[in-house]
Structures are given as structure tokens and as C-alpha cells.
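Each number in our numbering comes from the position in the sequence shown (counting from 1) with 37 added on. Structure first, then comments.
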Amino acid sequence: MPRSSRSGELAALARAGGLRLIEPWFAPFALLNGAALGLTPILLPVAASHDGVGHVGLVMGAFNLGAFAAPLAGSVADRYRAHRELAVVCAAAAAVSLWLFPVAAPAWQLVLALADGAGFAGAVTVANLLIVERRPRAQWNPRLGVLEAALSVGQGAALFLSAWLATLSARDGLFLAAIMPATAIPLAAVLIPRMARGAAPPGRPAQPEGARPPATAVPPVEHHRLAFAGLVGEWGPASPSRTHHLAHRRPFAGATALRGPLGWLLAAWIPAYAGTAVIFALYPVLFQHAFGVSASSSSLAFAVIVLVSLPLFPVAAAVCQRRGPAIAMAGALGARVVLLAALAALAAVGRAPAVLPLAAFAGIMFAWSFLSVASPGLTGQLLPGAEGDAQGLLNASSGVAGLLGSVLGGIVAEYLGYPAALAVGAGATALGLVIFVTTTLRRRPTQSSSAATG
């Protein structure tokens, strides 16, 4: 959406008079987002490392796989209007999985990590739907922006908390961590508004009960495009806070779309995303054993990196507007290749000052600001008229890539060491960049068409 349109929306909201963009029900979702993106990626790898770094990759891969609960949660919410009940179930799944994880057998830890990721994915999907199904389209962007800010606050606070919890035993740390999603259970039950069954979305008249639309009527398709999303960062199962939901889903001709330019984008995205998933899956264990940075210190560093990266999102939007999303994505992928290769070299040399690998990791995170902003615009250009479906495919491919990268990274680190795992990550990202440059970037839409679809 052009910047002028977004400014017009905000101006219209201001003229409406004191419209509240912050709602009380943001609180339980901020807690759940903090538990999933602030506590889980630090505490679960540390606890799972007792069974080897290969097991860490499997655990975080299972956590990534939980992203596929997002479309199921959206469908259940649409069909039964059970947004509040779904949020409570998701919070309970996250709390129980964290509480039981340190005392479970390795095989059961995979199941618990999957439940944790599914609870997170389902909860954030419900949070987004509570806006797009209750508010007029003109209010979606500013409200979703405030929701994402609340989720980011939850993640940042949880990362600071995990710096302390990482100094405790795995059992004590995860038991205390479970309190965060457990607190979200009563808050969700009390604060989340109930959705009336059969209620029409804002701006659409409701059908009288028992009435049927005319046989010739075409059912309206309401594209729930969740813009201004992705601020919580890449560290999560396919970033399901960026779900693009369709309330009235039409049959999707996936095979047709994959044969076109979107298929080449996905072919590039999967290895590139899998390459960086290596470091996100192993983050605290990697920095502890390869660079001598304790889990507590790496957690504090990540919290600072998340906060510093937030102002980069409007910068990324300006770059995409001026240069186009394909250029922005190519630059971000190229930066990640260089930084992952630098991390592999530092790990191989050993005894590097801690500030160097942390700075490289910060650059990898900063690149996500540009990838997160560029990907919705680029998928919209490659599959015009079905932007939600295109972004949904990209998110699904992120889940698959996150699973592959986490598992492969753990196995390589287990048998060949951390430098080899980072080298594999850099090589996979480089492969994705080569595919992207030779296909999508080379055949990118013209600047005029970019402006038209923006």
C-alpha cells in the first residue's frame, strides 16, 4: 500500500475522534508471543542439549513445524466463532509444553516442542483475526501495527527474562517460564471479546437467519491481508504473525501458481530460509560452545538486537518503495551470505572476541527487516489478484525450510562441528541467492508496475 494511502487512513482515524488502537486483549497475546519468541528459543535448546546438539535441531525443527496449526486455527475460528476458546487452548498448550519439557523423554520432547509451536501459531492467527473480522478494512493497518508493537514488547521483555532463567537449572527455568503462557489463560478468557455467530464482517450486511443468497450471486471474497506485520522478527515458526488469512477461501490452483514466477521465488526462498534457520535453531548452544558466550549473555544480546532492529522496518519500507522489493530482498540475502560465512570463519578460528560473532548475528537479524517488508510486496507482484494465497505459500515454505534447516544444522553440528554447520547455512543461503538473482530479480516487474501494485 502506498505511503499516502496509509497516511490517509491514519488521518481518517484521527478525525473519527479518539479511536482507541490499543485494546486490553492484546495483553494475553503479548505474553504468548514473548513465551514463544523470547523464552522458547533460549531455554529449549539449552535443555535439549543434554541429549546432544543433534537433538537440539530436532526439537527446534518440531517447534517450526507447529506453524502449520495457523490455517487450522483460522478455519476453526471462522467456522465456530470460537476465538476466545481457541486462544485459551493455545495458551494452555504452550504452558503445559514448557512445564513438562525438562522431565520428558527425548521423543516426548519433540511432541511438546510441536505443541508449543502450534500453540504460538494458532494464538497469533487468532489475534490477527480479532482485528480483521471485527474492524473495517480502513482500520486494519494501524490496528495491526499496534498489535505487532505489543507482540514485540512481549518478545523483548521475555528475552530479558530468559537471561535470568538461563542461569537456573533446566527444570527450574522452564517451570518458571511456563508461568508466562499460563498467565495468558485467564487473561484470554476474560479480555478477548466474544464473536457472535453469523455476524457479518464490518461493512457487509448480515443475511437474515435462514435466508439463502440468490443462486446467481457470487459469494464475496474477503481477503484478510495482514499488512504492517512481521515486526516480531524471524525467530519463530514461519513467523505466523504474518499469516494472510482468507475468510472465504476459494479453491487454490497451487500447481498453476508454482509453475510461474512465484515458483521460482519459493525455490530461492526455501534454501535461503533454511540456511539461516541453522543459526536460529542452535543460537544459545552455538554461541556458548563456539564463541564462549553464555546463554544468559546471548539472550541479553538478542533482546538488544530486537529493540535496535525495530526502526529498520520503516527504512526497509522506504527502500522497497524506491528501489523495489526484489532489489531489497537480493541485498538482504547477499548480506546474510557474507555474515554467515564470517560466523563460520570465526567459529573455525576460535577465541574471537565475543563482539564479532554477536555483531554478525545482529546483521543477520537486521536483514530480516528488509526480507519481512519486501516479501509481501514481491509475492503480490508475482501473483496479482491472489496476494493472500501467494503470501500463504511463502509462509508455508518458511515452515518447511525452518524444519529442514533446524534438523540439518543440528545433525551437521553434532558430527562435523559448529563451523561446518554455519558453512552449510552460508552455502544454502548462497544457493537461494543465486536462484533468486537469475530468475526473480532478472525478470522482476518494472518500477511502474511495482507502483501500481504497491
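Even for Gly, the Cβ is constructed at its ideal location relative to N, Cα and C.
### Task
Below 6 Å CB to CB, which residues in the same chain sit around residue 404 once its five sequence neighbours on both sides are set aside?
369, 372 and 373
### Task
Using a threshold of 8 Å, state whether the C-beta atoms of residue 123 and residue 114 are closer than that.
yes
#### Entry: Whole-angstrom distance between residue 178 and residue 348, CA atom to CA atom
17 Å
### Query
Is DSSP giving residue 80 helix, strand or coil here?
helix
### Query
How far does the alpha helix (DSSP H) with residue 206 in it reach, from first residue to last?
Here residue 206 belongs to no alpha helix (DSSP H), and DSSP marks it neither H nor E.
### Query
Where does residue 474 fall in DSSP's three states?
helix
### Task
Return the chain-ordered list of same chain residues with a C-beta closer than 6 Å to the C-beta of residue 89, the five sequence neighbours on each side being excluded.
451
### Task
Assign residue 172 to one of three DSSP states: helix, strand, or coil.
Three-state DSSP puts residue 172 in coil, outside helix and strand.
### Task
Report yes if the C-beta distance between residue 158 and residue 99 is below 8 Å; otherwise report no.
no
### Message
On a Cα-Cα basis, can you pick out the residue from 62, 303 and 399 that is closest to residue 416?
### Response
303
### Query
Looking at the unbroken alpha helix (DSSP H) that takes in residue 185, where does it start and where does it end?
177-202
### Query
Can you name the start and end residues of the alpha helix (DSSP H) that residue 122 belongs to?
Secondary structure note for residue 122: its alpha helix (DSSP H) is the uninterrupted segment 120-137.
### Query
Is residue 87 buried or exposed, if buried means 16 or more other CB atoms sit within 10 Å of its CB?
exposed
### Task
Within its chain, find whatever has a CB closer than 6 Å to the CB of residue 461; leave out the 5 residues flanking it on each side and keep chain order.
449
### Message
Does the structure place the region 191-198 close enough to the region 66-85 that three or more beta carbon pairs sit under 8 Å?
### Response
yes
#### Entry: Contact between the region 318-331 and the region 436-447 (3+ Cβ pairs under 8 Å)
As far as the Cβ criterion goes, the region 318-331 touches the region 436-447, which means the pair count is three or higher.
### Message
Looking at the secondary structure, which residues open and close the alpha helix (DSSP H) in which residue 373 lies?
### Response
362-386
### Query
Where does residue 359 fall in DSSP's three states?
helix
### Task
Could you check what DSSP says for residue 469 in three-state terms: helix, strand or coil?
Secondary structure at residue 469: helix, using DSSP grouped into helix, strand and coil.
### Query
residue 346 lies in the alpha helix (DSSP H); which residues open and close that run?
332-346
### Task
Below 7 Å CB to CB, which residues in the same chain sit around residue 121 once its five sequence neighbours on both sides are set aside?
Answer for residue 121: 225, 226, 229 and 231, listed in chain order.
### Task
Drop a sphere of 10 angstroms on the beta-carbon of residue 493, count the other beta-carbons inside from all chains shown, and report buried for 16 or more, exposed for fewer.
This structure cannot speak to residue 493, because the chain is shown only from 38 to 491.
### Query
In terms of alpha-carbon separation, which member of 167, 135 and 62 lies closest to residue 152?
Its Cα nearest to that of residue 152, the residue 135 stands out among 167, 135 and 62.
### Task
Identify whether residue 231 lies in helix, strand or coil by the three-state DSSP scheme.
coil
### Task
Go to residue 323, then tell me how far its alpha helix (DSSP H) extends in each direction, as first and last residue.
298-327
### Task
Would you mind reading off the limits of the alpha helix (DSSP H) that contains residue 69?
Bounds of the alpha helix (DSSP H) holding residue 69 are 63-71.
### Query
Which two residues bound the contiguous alpha helix (DSSP H) that contains residue 115?
106-117
### Message
Here's the rule I'm using: 16 or more other beta-carbon atoms within 10 Å means buried, otherwise exposed. How should residue 199 be labelled?
### Response
buried
### Task
Tell me whether residue 77 is buried or exposed, calling it buried when 16 or more other Cβ atoms sit within 10 Å of its Cβ.
buried
### Message
Does the structure place the region 140-147 close enough to the region 216-223 that three or more beta carbon pairs sit under 8 Å?
### Response
By the criterion of at least three beta-carbon pairs nearer than 8 Å, the region 216-223 is not in contact with the region 140-147.
### Environment of residue 395 [buried if 16+ CB atoms lie within 10 Å]
buried
### Euclidean distance between Cα positions of residue 85 and residue 141
10 Å
### Task
Please list, in chain order, all residues of the same chain as residue 339 whose beta carbon is under 6 Å from its beta carbon, the five residues on each side excluded.
196
### Query
Buried or exposed: residue 59, going by 16 or more other Cβ atoms within 10 Å of its Cβ?
Answer is exposed; the Cβ neighbour count stays below 16.
### Task
May I ask you to verify whether the region 297-312 touches the region 156-170, counting CB pairs closer than 8 Å and requiring at least 3?
Judged by Cβ distances under 8 Å, the region 297-312 makes no contact with the region 156-170, as fewer than three pairs qualify.
### Message
Measuring only the C-alpha atoms, how far is residue 477 from residue 420?
### Response
Their backbone Cα atoms lie some 12 Å apart in a straight line.
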